[in-house]
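Chains as they are written, first to last, in our numbering: chain D, 1 to 216; chain F, 217 to 356.
C-beta: ideal position from N, C-alpha, C; glycine also.
Everything numeric in this text was worked out from a predicted model, so none of it was measured.
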């Protein structure tokens, strides 16, 4: 489990007031390529950073009052707006063995999966968080008439978790990337205290990690 | 600017990465070349999905018009892109990958967009401009 403290990172943007945290990403190559969601990065590649890991032990108490961080300059290498994926490059190296990239083809509905990410980081909270759930369904989701392999995982996710990895402990592979949750009326509906009630459910969407292979 | 009229759409698209080429080809088949450019640039993942990160997405329609305007400035000899065009004129015959890369980078720098995101749109626009002929494209 501790390897995930070193490969799951916060994606951020340098602003005049500091680093604005945008979401989660994870290292996929030893020379510092990082996968995340395209919407985490946005279209503007300027001032992008990752935050260097702040813990080494997943069981360590993460100090939520500690706002210090080590930003590492990051550039955009590849961006797929259809599949909502992005590959970044940071000036870092990772010397350990990284988990292989897999696919939802390799798992079954009901299989256990682990999720690592930074829920609520967009609100300024940096806590690497593990969740465990199962694959609830395999689905094809459409973007501009192009369909891609996704999975529904049976857990609730929150802003900041996009770009987080979905891990199969059975395969020891990263099999998906969290991209959001089902919401049929995005941009509409009501908002309660800044929270869209339609997001509050356990239909979390993830895209199959296999698509990253064409981007690296 | 070099002669691009003899280069087919397939030739331009062959320079793209597989993930870009596969999607843009599908979009062209479904919507035609001009609309495929818009669909690619305005796409933001699957529909009925609320994203959990990033900044609020901007309106992409005005961006498309700006993209097309800047592309036209580039290929139609506007002085804003004189330096970048020099890099292409040194390439004879046309080296397609360099054209896509240089134009995407130049337009990306102007528009504040990632060059890699623009590359498929630039490839399609080069084909459109080439088919019309640059003289005709630039007076339109």
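| field | Spatial distance of residue 275 (chain F) from residue 170 (chain D) (CA atoms) | value | The count along the second chain starts at 1 and reaches residue 275 (chain F) at position 59. The count along the first chain starts at 1 and reaches residue 170 (chain D) at position 170. Residue confidence is low: residue 275 (chain F) scores 48 on pLDDT, short of 50, so the model does not pin down where it sits. No coordinate-derived value is stated.
| message | Does any residue of chain D have a CB that is nearer than 8 Å to the CB of residue 280 (chain F)? | response | Along the second chain, one-based indexing puts residue 280 (chain F) at 64. Contact with chain D is absent for residue 280 (chain F), since none of that chain's Cβ atoms lies less than 8 Å from the residue's Cβ.
| task | Taking only beta carbons into account, state which residues of the segment 147 to 161 of chain D come closer than 8 Å to chain F, listed in chain order. | result | Residues of the segment 147 to 161 of chain D with a C-beta atom less than 8 Å from some C-beta of chain F are 148, 150, 157, 158, 159, 160, 161, listed in chain order.
| request: Could you have a look at residue 214 (chain D) and say whether DSSP puts it in helix, strand or coil? | output: In the first chain, counting from the first residue as 1, residue 214 (chain D) sits at position 214. Residue state, collapsed to three classes: helix.
| Candidates F:351, F:353, F:314: which alpha carbon is nearest residue 230 (chain F)'s? | The residue given as residue 230 (chain F) occupies position 14 in the second chain. Closest by alpha carbon: F:314.
| Counting pairs of Cβ atoms below 8 Å between the segment 102 to 118 of chain D and the segment 150 to 165 of chain D, do you hit three or more? | Yes, since at least three Cβ pairs between the segment 102 to 118 of chain D and the segment 150 to 165 of chain D fall closer than 8 Å, the two stretches touch.
| request: Kindly list, in the order they appear in chain F, the residues whose Cβ is closer than 7 Å to that of residue 184 (chain D). | output: Sequence index remark: in the first chain, residue 184 (chain D) carries index 184 (1-based). Chain F residues near residue 184 (chain D): 264.
| query | Between the Cα of residue 176 (chain D) and the Cα atoms of D:122, D:198, D:107, which residue gives the shortest distance? | reply | Sequence index remark: in the first chain, residue 176 (chain D) carries index 176 (1-based). Nearest option by C-alpha distance: D:107.
| said: Between which two residues does the beta strand (DSSP E) holding residue 211 (chain F) run? | reply: Only positions 217 to 356 of chain F appear in this structure, which leaves residue 211 (chain F) out of reach.
| message | Please return the same chain residues whose Cβ sits closer than 8 Å to the Cβ of residue 330 (chain F), not counting the five positions on each side in sequence. | response | In the second chain, residue 330 (chain F) corresponds to position 114, counting from 1. Contacts found: 324.
| said: With a threshold of 6 Å on Cβ separation, who are the neighbours of residue 167 (chain D) within its own chain once the five nearest residues in sequence on each side are excluded? | reply: Reading the first chain from its first residue, position 167 is the one you call residue 167 (chain D). If you ignore the 5 residues before and after residue 167 (chain D), its C-beta comes within less than 6 Å of the C-beta of 114, 174, all in its own chain and listed in chain order.
| message | For residue 130 (chain D), count the other beta carbons within 10 Å of its own beta carbon; 16 or more makes it buried, fewer makes it exposed. Which is it? | response | Looking up residue 130 (chain D) in the first chain gives position 130. Label assigned to residue 130 (chain D): exposed.
| task | Write down every uninterrupted run of the beta strand (DSSP E) in the segment 230 to 267 of chain F whose length is 3 residues or greater and which is fully enclosed by it, in chain order. | result | Listed in chain order, there is nothing to give.
| message | Based on DSSP bridge pairs, tell me the residues matched to residue 18 (chain D). | response | In the first chain, residue 18 (chain D) corresponds to position 18, counting from 1. D:15, per the DSSP bridge assignment.
| field | Beta-bridge partners of residue 314 (chain F), as assigned by DSSP | value | Numbered from its first residue, the second chain carries residue 314 (chain F) at position 98. None, per the DSSP bridge assignment.
| task | Please name the residues in the segment 235 to 255 of chain F whose beta-carbon is closer than 7 Å to at least one beta-carbon of chain D, in chain order. | result | Cβ contacts with chain D: 235, 239, 242, 243, 246, 255.
| query | Can you find at least 3 beta carbon pairs, one from the segment 141 to 150 of chain D and one from the segment 78 to 91 of chain D, that sit closer than 8 Å? | reply | Three or more pairs of CB atoms, one per stretch, sit closer than 8 Å, so the segment 141 to 150 of chain D contacts the segment 78 to 91 of chain D.
| task | Let me know if residue 61 (chain D) comes out buried or exposed under the rule of 16 or more other beta-carbons within 10 Å of its beta-carbon. | result | If you number the first chain from 1, residue 61 (chain D) lands on position 61. It counts as exposed.
| query | In terms of residue numbering, what span does the beta strand (DSSP E) encompassing residue 205 (chain D) cover? | reply | Along the first chain, one-based indexing puts residue 205 (chain D) at 205. Unbroken beta strand (DSSP E) run through residue 205 (chain D): 204 to 208.
| request: Assuming residue 321 (chain F) and residue 232 (chain F) form a contact by the criterion Cβ under 8 Å, report the distance between their Cβ atoms to the nearest whole angstrom. | output: Taking the first residue of the second chain as position 1, residue 321 (chain F) is located at position 105. Taking the first residue of the second chain as position 1, residue 232 (chain F) is located at position 16. Not really, about 15 Å apart at Cβ, beyond 8 Å.
| request: List the residues of chain D whose Cβ lies closer than 7 Å to the Cβ of residue 330 (chain F), in chain order. | output: Here residue 330 (chain F) is taken as the residue at index 114 of the second chain, counted from 1. Going along chain D in sequence order, the residues near residue 330 (chain F) (Cβ under 7 Å) are 43, 45, 76, 79.
| query | Run through DSSP, which three-state label would residue 80 (chain D) get? | reply | Against the first chain, residue 80 (chain D) aligns to sequence position 80. Note: residue 80 (chain D) maps to strand in three-state DSSP.
| What's the C-alpha gap between residue 198 (chain D) and residue 228 (chain F)? | Translated into the one-based positions of the first chain, residue 198 (chain D) becomes position 198. Translated into the one-based positions of the second chain, residue 228 (chain F) becomes position 12. Rounded to whole angstroms, residue 198 (chain D) to residue 228 (chain F) spans 43 Å at the Cα level.
| message | Using a Cβ-Cβ distance cut-off of 8 Å, determine whether residue 284 (chain F) contacts chain D. | response | As a position in the second chain, residue 284 (chain F) is number 68, starting the count at 1. No - not a single Cβ of chain D is within 8 Å of the one on residue 284 (chain F).
| task | Would you list the residues sitting across from residue 182 (chain D) in a DSSP beta bridge? | result | For the purposes of this step, residue 182 (chain D) is taken as residue 182 along the first chain, with counting starting at 1. Residue 182 (chain D) has F:265 as its beta-bridge partners, per DSSP.
| query | Contact check, residue 260 (chain F) vs residue 183 (chain D) under 8 Å by CB: the rounded distance? | reply | In the second chain, residue 260 (chain F) corresponds to position 44, counting from 1. In the first chain, residue 183 (chain D) corresponds to position 183, counting from 1. That pair is no contact at about 13 Å.
| Can the beta-carbon of residue 32 (chain D) be found less than 8 Å from the beta-carbon of residue 91 (chain D)? | Working through the first chain from its first residue, we reach residue 32 (chain D) at position 32. Working through the first chain from its first residue, we reach residue 91 (chain D) at position 91. A contact, by the Cβ cut-off of 8 Å.
| message | With a threshold of 8 Å, are at least 3 pairs of Cβ atoms found where one atom belongs to the segment 6 to 25 of chain D and the other to the segment 34 to 51 of chain D? | response | Segments in contact, yes.
| request: Pull up the distance between the alpha-carbon of residue 35 (chain D) and that of residue 101 (chain D), whole angstroms please. | output: One-based indexing of the first chain puts residue 35 (chain D) at position 35. One-based indexing of the first chain puts residue 101 (chain D) at position 101. CA-to-CA, the gap between residue 35 (chain D) and residue 101 (chain D) works out to about 11 Å.
| Candidates F:238, F:318, F:250, of which the one nearest residue 302 (chain F) by Cα | Walking along the second chain from the start, residue 302 (chain F) turns up at place 86. Residue F:318 is the option with its Cα nearest to residue 302 (chain F).
| query | In three-state terms, what does DSSP make of residue 10 (chain D)? | reply | Position 10 of the first chain holds residue 10 (chain D). In the structure shown, residue 10 (chain D) adopts extended strand secondary structure according to DSSP, grouped into three states.
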